[in-house]
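**Student:** Starting off with a structure, shown below.
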Amino acid sequence: MDLVNLSELFLSIQGEGARAGLPCAFIRLSGCNLDCSYCDSRYAARGEGERKEISKITGSVGRFGVKLVQLTGGEPLIQPGAGPLLKMLCDEGYEALVETNGSVDLKPFDPRANYIVDIKTPGSGAGGSFLESNYENLRDCDEVKFVVTSKDDFDWAVALTKQRGLDKLHTLLFSPAWGLVEPKELARWLIDSGVEGRLSLQIHKLIWGPDAAGV
Numbered sequence: 008m009d010l011v012n013l014s015e016l017f018l019s020i021q022g023e024g025a026r027a028g029l030p031c032a033f034i035r036l037s038g039c040n041l042d043c044s045y046c047d048s049r050y051a052a053r054g055e056g057e058r059k060e061i062s063k064i065t066g067s068v069g070r071f072g073v074k075l076v077q078l079t080g081g082e083p084l085i086q087p088g089a090g091p092l093l094k095m096l097c098d099e100g101y102e103a104l105v106e107t108n109g110s111v112d113l114k115p116f117d118p119r120a121n122y123i124v125d126i127k128t129p130g131s132g133a134g135g136s137f138l139e140s141n142y143e144n145l146r147d148c149d150e151v152k153f154v155v156t157s158k159d160d161f162d163w164a165v166a167l168t169k170q171r172g173l174d175k176l177h178t179l180l181f182s183p184a185w186g187l188v189e190p191k192e193l194a195r196w197l198i199d200s201g202v203e204g205r206l207s208l209q210i211h212k213l214i215w216g217p218d219a220a221g222v
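All you need for the working numbering is the position in the sequence shown, starting with 1, plus 7.
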């Protein structure tokens with residue numbers, strides 16, 4: 008019997024990335040191996056959550072009536088039950104997304120899922136945590152995200168993007184750290200950079216506010 012520590016399970020609107028605006032079920036697991044300066048889900052990162060059987064979680068997701076589901080955290084992939092949960096979601100025909108900080112090897116996890124990998128910038132306080140081998144594990148269907156806390160962060164992300172050709176290989180997202188960078192600032196930086204990336208705003212925060220949980 009596979010178990011995970013569940014922080015919350017809810018139905019909302021996908022707020023970021025290539026599927027922004029779509030109804031999506033969110034499975035937020037508890038616990039994280041990093042401590043980002045701008046973390047907006049510390050209640051999940053630091054909490055133990057509720058021990059739940061993965062079959063009960065997928066059953067609850069089924070009652071939402073949507074096919075898009077995202078596994079998030081915290082860092083969901085540090086839990087031993089995350090792999091079996093992801094496989095079960097894929098087996099049941101869901102379009103499964105995984106939001107991860109890239110510090111965990113992606114190779115053992117289900118290739119049917121799409122991975123949204125948040126490469127931590129220096130301003131996050133967790134820079135250097137990305138696992139080098141994950142550059143090889145990423146596929147063209149996966150997304151790479153940078154949360155930008157300053158112009159220095161943005162310049163660092165652009166340099167890495169050009170070095171690795173990330174904008175040619177994956178959907179590339181630049182998101183302003185809430186309250187630290189104005190969207191219009193980041194938009195101008197992105198336009199001027201020549202990088203083929205997308206400005207990604209957290210539209211759930213624009214709708215419900217930055218401190219709302221379960222949305």
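Ideal placement from N, C-alpha and C gives every residue a C-beta, glycine not left out.
(1) Please confirm whether Val68 and Ala27 have their CB atoms less than 8 Å apart.
(2) Is Gly81 near Ala51, with beta carbons less than 8 Å apart?
(3) Taking the alpha carbon of Leu176 as the reference point, which residue from Lys158, Asn144, Leu92 has its own alpha carbon closest?
(4) Could you tell me if Ser37 is buried or exposed, where buried requires 16 or more neighbouring beta carbons within 10 angstroms of its beta carbon?
(5) Between Gly22 and Gln209, which are expected to be in contact by the criterion C-beta below 8 Å, what is the C-beta distance as a whole number of angstroms?
(6) I need the straight-line Cα distance from Ala164 to Gly72, nearest angstrom please.
(7) For Leu180 and Gly204, which I take to be in contact (beta-carbon distance under 8 Å), what is that distance rounded to the nearest angstrom?
(8) Going straight from the alpha carbon of Tyr45 to that of Asn12, what length do you get?
(9) For Asp117, which of Thr128, Gly109, Val105 has the nearest alpha-carbon?
(10) Just verifying my parser: in three-state terms, what is the DSSP assignment at Val224?
**Tutor:** Answer, in terms of the structure:
(1) no
(2) yes
(3) Asn144
(4) buried
(5) 5 Å
(6) 37 Å
(7) 7 Å
(8) 23 Å
(9) Val105
(10) With the chain running from 8 to 222 in the structure shown, residue 224 is simply not present.
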